[in-house]
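Chemist: Let me begin by handing over the structure; questions about it come next.
Numbering (our numbering), first residue to last: 160 to 275.
Here it is, written out as C-alpha cells:
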C-alpha cells in the first residue's frame, strides 16, 4: 500500500484536444515605431516646457511679494516729522519767497485784454 493520501487520477483515453494554430505576429513597419517615439518625446518636451514656465512664473511672483514686503517694512521704519516742525519749515519757506509786486506783472496782460 502506498502512503500517498491522494489517489492518482485515472487515465482517460480518447481524442486529443484540437490544437489551434497561433497566428504569426505581423511585423510593424519601422516608420510607425519611430513616429510613436517622436510623439512621446515631443509630449515629454511640452510637459517640461509647461513645468518650467510654471516654476519661472511662481518664482517671479515670490520675488515680487518679497520686494513689496521689504518696501512696506521700510516705509514703516521711516519716522515722520512732527506736525509742528513741518508747519514751521513751511512758514520759513514761505517768508523766504520773493514774489515781488504781482500787480505790476499783470498790468501788461490787463491792457492786452482790454484791447480785445
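Heads up, the beta-carbon is just placed ideally off N, CA and C, and yes, glycines get one too. In this text the structure is predicted, and so the values were computed from the model without any measurement.
1) Between the C-alpha atoms of residue 182 and residue 192, what's the straight-line distance to the nearest angstrom?
2) When the Cα atoms are used, what is the spatial distance from residue 203 to residue 209?
3) Can you give me the C-alpha to C-alpha distance between residue 258 and residue 226, rounded to a whole angstrom?
4) Which class does residue 165 belong to by DSSP, given the choice of helix, strand or coil?
5) Express the C-alpha separation of residue 224 and residue 214 in angstroms, rounding to a whole number.
6) Measure the C-alpha to C-alpha separation of residue 247 and residue 263 and round it to an integer number of angstroms.
Modeler: Reading from the atomic positions:
1) Residue numbering aside, residue 182 sits at position 23 when the chain shown is read from its first letter. Residue numbering aside, residue 192 sits at position 33 when the chain shown is read from its first letter. Rounded to the nearest angstrom, the two C-alpha atoms are 21 angstroms apart.
2) Reading the chain shown from its first residue, position 44 is the one you call residue 203. Reading the chain shown from its first residue, position 50 is the one you call residue 209. If you take the alpha carbons of residue 203 and residue 209, they lie about 10 angstroms apart.
3) Position 99 of the chain shown holds residue 258. Position 67 of the chain shown holds residue 226. So the alpha carbons of these two residues sit roughly 44 angstroms apart.
4) On the chain shown, position 6 is the one that residue 165 refers to. The answer is coil: DSSP assigns residue 165 none of H, G, I, E or B.
5) For the purposes of this step, residue 214 is identified with residue 55 of the chain shown, where counting begins at 1. For the purposes of this step, residue 224 is identified with residue 65 of the chain shown, where counting begins at 1. When rounded, the distance between both Cα atoms is 15 angstroms.
6) Walking along the chain shown from the start, residue 247 turns up at place 88. Walking along the chain shown from the start, residue 263 turns up at place 104. Roughly 30 angstroms between the two C-alpha positions.
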